[in-house]
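> For what it's worth, our numbering labels the leading residue of the sequence shown as 1, then goes sequentially. Heads up, the beta-carbon is just placed ideally off N, CA and C, and yes, glycines get one too. Note that the coordinates shown come from a computational prediction; the quantities given were computed from them, not determined experimentally.
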Amino acid sequence: MSDILLVHGSCHGAWCWRDLIPALQELGHSPRAIDLPSHGDDRTPVNAVTLDSYADAVLAASTPDTVVVGHSMGGFAIGAAAQKDPSAMARLIYLCAYVPAAGLSLAEMRKQAPSQPLMPAVRLAPDGKSFTLDPAMTEALFYHDCPPDVAGFAAPRLCAQAVAPTIKPLADTARADAMPRSYIRCMDDRTIPPAYQVTMTKDWPSADVHEMACGHSPFFTDPAGLARIIDDIIPR
1 MSDILLVHGS CHGAWCWRDL IPALQELGHS PRAIDLPSHG DDRTPVNAVT
51 LDSYADAVLA ASTPDTVVVG HSMGGFAIGA AAQKDPSAMA RLIYLCAYVP
101 AAGLSLAEMR KQAPSQPLMP AVRLAPDGKS FTLDPAMTEA LFYHDCPPDV
151 AGFAAPRLCA QAVAPTIKPL ADTARADAMP RSYIRCMDDR TIPPAYQVTM
201 TKDWPSADVH EMACGHSPFF TDPAGLARII DDIIPR
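Below, the structure is given as structure tokens:
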């Protein structure tokens, strides 16, 4: 039915969509997942990564008929791509994600939230250009409501995250904001506070905002439920 491009968040890779891809396929869609530069199997050096390179990776994988889903930090990547070339995709779906706001970097948006639960887990590299996450804290942050195998599957696959894309604002977001777009809030999210997800979407039409009663990784917690919401969002 629809070509769906899945874009992961910080420290993750295409591997995190393991369970959602078959759930979407069962509904007749054609989902694909990419590794952003320096994530997963992509060999780009982490210190060479920029927000532009994230946007370019999304654009290279997208077509004018593609529905692009961005999770967490991936919301900034898909928003930057849409701002660069909105004709390259059909619709944006932000999944408990940061929606770029003009003039603000992701790091600045994070500071606007009522709390910053991710920050105690951040371990900055000595050169300050990337960070990793304390492995003792990732299950509680990302996977607290996931099946028992998930944390063990995910932990060895988490990678260093480049700082540069998180401190680069988009000067203008008008073209991305004008795209057909939807948001899926995760109301037990322990990484991006649900209250801030509400703040980011407070002016959106109610028909474009959906909610799941789960944490930050709905693709593991409830892949079938997430697939149904995505299916409902996509116009027939």
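Between which two residues does the alpha helix (DSSP H) holding L141 run?
Position 141 of the sequence shown, counted from the start, is the residue given in the question as residue 141. Judged by DSSP secondary structure, L141 falls within the alpha helix (DSSP H) whose first and last residues are T138 to F142.
> Does the distance from the C-beta atom of A60 to that of D41 stay below 9 angstroms?
Stepping through the sequence shown from its first residue, residue 60 is reached at position 60. Stepping through the sequence shown from its first residue, residue 41 is reached at position 41. Not in contact: A60 and D41 (Cβ atoms no closer than 9 angstroms).
> How long is the line joining the alpha carbons of P193 and S115, rounded to whole angstroms?
Here residue 193 refers to the residue found at position 193 of the sequence shown. Here residue 115 refers to the residue found at position 115 of the sequence shown. The straight-line gap from Cα to Cα measures roughly 7 angstroms.
> So, at 7 angstroms on beta carbons, what are the nonlocal neighbours of D134 in its own chain, with the 5 sequence-adjacent residues on each side left out?
Working through the sequence shown from its first residue, we reach residue 134 at position 134. Excluding residues up to 5 positions away in sequence, A121 and R123 lie with their Cβ nearer than 7 angstroms to the Cβ of D134 in the same chain.
> D172 to E211, Cα distance in whole Å?
In the sequence shown, counting from the first residue as 1, residue 172 sits at position 172. In the sequence shown, counting from the first residue as 1, residue 211 sits at position 211. Straight-line Cα distance between these residues: approximately 28 angstroms.
> Do F220 and Y143 come within 9 angstroms of each other at the CB atom, strictly closer than that value?
Working through the sequence shown from its first residue, we reach residue 143 at position 143. Working through the sequence shown from its first residue, we reach residue 220 at position 220. Their beta carbons are under 9 angstroms apart, which means Y143 touches F220 by this criterion.
> Would you report the Cα separation of L5 and A101, rounded to the nearest angstrom?
Here the question's residue 5 lines up with position 5 in the sequence shown. Here the question's residue 101 lines up with position 101 in the sequence shown. Taking the straight line joining both Cα atoms gives about 22 angstroms.
> Could you tell me which residues DSSP puts in a beta bridge with M212?
Position 212 of the sequence shown, counting from 1, holds the residue named residue 212. Paired residues: C186.
> Is the stretch 156-163 touching the stretch 214-232, taking contact as three or more C-beta pairs under 8 angstroms?
no
> Can you list, in chain order, the residues of its chain with a C-beta nearer than 7 angstroms to that of M1? Leave out the 5 residues immediately preceding and following it.
Against the sequence shown, residue 1 aligns to sequence position 1. The residues are G28 and H29.
> Which of the three DSSP states is assigned to A164 in this structure?
Here residue 164 refers to the residue found at position 164 when the sequence shown is read from its first residue. Helix, per DSSP.
> Is the beta carbon of L95 less than 9 angstroms from the beta carbon of I184?
Position 95 of the sequence shown holds residue 95. Position 184 of the sequence shown holds residue 184. A contact, by the Cβ cut-off of 9 angstroms.
> Select from V209, D127 and A213 the residue whose C-alpha is nearest the C-alpha of L92.
Against the sequence shown, residue 92 aligns to sequence position 92. The candidate whose alpha carbon is nearest that of L92 is V209.
> With distances taken from CA atoms, which of M200, I21, E139 and K129 is nearest P117?
Numbered from 1 along the sequence shown, position 117 holds the residue referred to as residue 117. Its Cα nearest to that of P117, the residue E139 stands out among M200, I21, E139 and K129.
> Just the Cα atoms here: how many angstroms apart are L241 and F153?
Residue 241 is absent from the model: the chain starts at 1 and stops at 236.
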